[in-house]
Amino acid sequence: MTDLTFSRTGRPSRIRLSRGGMRGAVLTCVLAAGALASLLTGGRDDVGLAQLAGLFAGEAASPAEQTMRDIRLPRTLAAAGLGINLGVAGLLLQAVTRNPLASPAILGINQGAALGIVLGLTVPALAVVPGWLLASVFGLAAACLTFAIAGLVSGRIDSMRLILGGVAVGAIGFSAVRLGYTLEDDIAREVVRWTVGDIADLRIDAALRLLAFAVPGLGLAYLMAHRLNLMAMGHAASHGLGFDPRATLVQGTVLAALLTGVSISVAGPIAFVGLVAPHIARWLCGADHRRLLPVVVLIGATLTIWADALSKLLPQAEEAPVGIVVAMLGAPWLLVSVLRRSGTAHV
């Protein structure tokens, strides 16, 4: 929120940003810096600010400008779309389950979606089905199985059984995915490359597909924000206020599975974004989902874009897959957060 103060002449004399506005501005600057770093780093040294500016001046003429237009810009947009989709999916799952550890990876959705993609690669009859649809359906099926194990059928979800059920479902799904490693060489290489979470080869069609799901997905999630706030008060309070939390749980889970499915179909299973981004957002702006959603969008996109930039800067022969870099960034922060909550660490 912005506060204006006026001088005696009636003219505004200064603009003072609220604490939330300052945090949003800082996050936006960090995101913009990450996008710039991602666009300006890569294998070619002759691709820089001039080629980036050339995107807005007209058609790309030189090979360097074509590299910026056809490779680096789509890759950065794809990283942003991934972060938005996975961050919003994680926030939805944590809200509808009232469990801070819920995320697409923890509940088995990632692994179920990955299994759907591998089946699409290996079963000829499924080759005609869009990858995002296969991933979403199998991810949703994995979520339903996890919820059934957690006790949803009996009317109450047990938090411990939810996590253990998700781990079990995820292990089954990942074991099935690993069977793809034993297939003929071409398919096995494709499965291995895809399962590490690599966005190096993504082009503009993949980036636009991710963003095409991110925008309406965010809008639908925002329409649910008030009900998500009520769910945080508990099922009894929700019933008392006049709505059935089970309907919101189903809607939130379906939307989370759809956002996760399209992301995994494009880039492979990327963990930690859906778990870490909502935690950072709550730390910054509290528990109101109307404020959390835009902050999660910024944080999710920032995580994946910076991971993409760092993947190109690490000293090694080839680029590190962005899924590995995200895990390297997210795991330490999550560990410190858990230690702080338990009181065993003071940082």
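Just add 95 to wherever you are in the sequence shown, counting from 1, and you've got the working numbering.
Glycine residues also receive a C-beta, built at the ideal position from the N, C-alpha and C atoms.
From a predicted model like this one, the values you see are computed outputs, not experimental measurements.
8 Å contact criterion, which L398 and L313 should meet: CB distance rounded: Translated into the one-based positions of the sequence shown, residue 398 becomes position 303. Translated into the one-based positions of the sequence shown, residue 313 becomes position 218. So it is not a contact: roughly 16 Å between Cβ atoms.
For R304, count neighbouring Cβ atoms within 10 angstroms of its own Cβ and tell me buried if that reaches 16, exposed if not. Counting from 1 along the sequence shown, the entry for residue 304 is found at position 209. With 16 or more Cβ atoms within 10 Å of its Cβ, R304 is classed as buried.
For a test of the three-state rule: what should DSSP assign to A422, helix, strand or coil? Here residue 422 refers to the residue found at position 327 of the sequence shown. Three-state result, A422: helix.
May I ask you to report which of helix, strand or coil DSSP gives T136? Indexing the sequence shown from 1 puts residue 136 at position 41. In the three-state reduction of the DSSP assignment, T136 falls in the coil class.
On the premise that P199 lies in contact with G185, defined as a C-beta separation below 8 Å, what is that separation, rounded to the nearest angstrom? Along the sequence shown, read from residue 1 onward, the residue named residue 185 stands at position 90. Along the sequence shown, read from residue 1 onward, the residue named residue 199 stands at position 104. That pair is a contact at about 6 Å.
Does the beta-carbon of S270 have 16 or more other beta-carbons within 10 angstroms, so that it is buried, or is it exposed? As a working mapping, residue 270 is identified with position 175 in the sequence shown. Exposed, since its Cβ has fewer than 16 Cβ neighbours within 10 Å.
Could you have a look at V291 and say whether DSSP puts it in helix, strand or coil? Indexing the sequence shown from 1 puts residue 291 at position 196. Correct three-state label for V291: coil.
Three-state secondary structure (DSSP) of A396: Sequence index remark: in the sequence shown, residue 396 carries index 301 (1-based). Helix, per DSSP.
With 16 other CB atoms within 10 Å as the buried threshold, where does S157 fall? Along the sequence shown, read from residue 1 onward, the residue named residue 157 stands at position 62. Exposed, by the Cβ-count rule.
For the alpha helix (DSSP H) containing E414, name the first residue and the last one. As a first step, residue 414 must be located in the sequence shown, where it is residue number 319. Annotation: E414 is outside any alpha helix (DSSP H) and is labelled neither H nor E by DSSP.
Extent of the continuous alpha helix (DSSP H) run through M255: As a first step, residue 255 must be located in the sequence shown, where it is residue number 160. That run of the alpha helix (DSSP H) goes 254 to 273.
Validate contact between the stretch 271 to 286 and the stretch 250 to 261 using beta carbons, cut 8 Å, 3 pairs: Remark: fewer than three beta-carbon pairs, one from each stretch, lie closer than 8 Å, so the stretch 271 to 286 and the stretch 250 to 261 are not flagged as touching.
Do you know how far the Cα of V291 is from the Cα of R284? Taking the sequence shown and counting its residues from 1, one reaches residue 284 at position 189. Taking the sequence shown and counting its residues from 1, one reaches residue 291 at position 196. Their Cα atoms are separated by approximately 11 Å.
Looking at G363: is its Cβ nearer than 7 Å to the Cβ of W227? Within the sequence shown, numbered from 1, the residue matching residue 363 stands at position 268. Within the sequence shown, numbered from 1, the residue matching residue 227 stands at position 132. Not a contact, by the Cβ cut-off of 7 Å.
Which residues in the same chain as I180 place their Cβ atom closer than 6 Å to its Cβ, once the five residues preceding and following it in sequence are excluded? Here residue 180 refers to the residue found at position 85 when the sequence shown is read from its first residue. Reading off the sequence shown, one finds Asn at residue 180, where the question assumed Ile. Cβ neighbours of N180 beyond the five flanking positions: A309, L354, S358.
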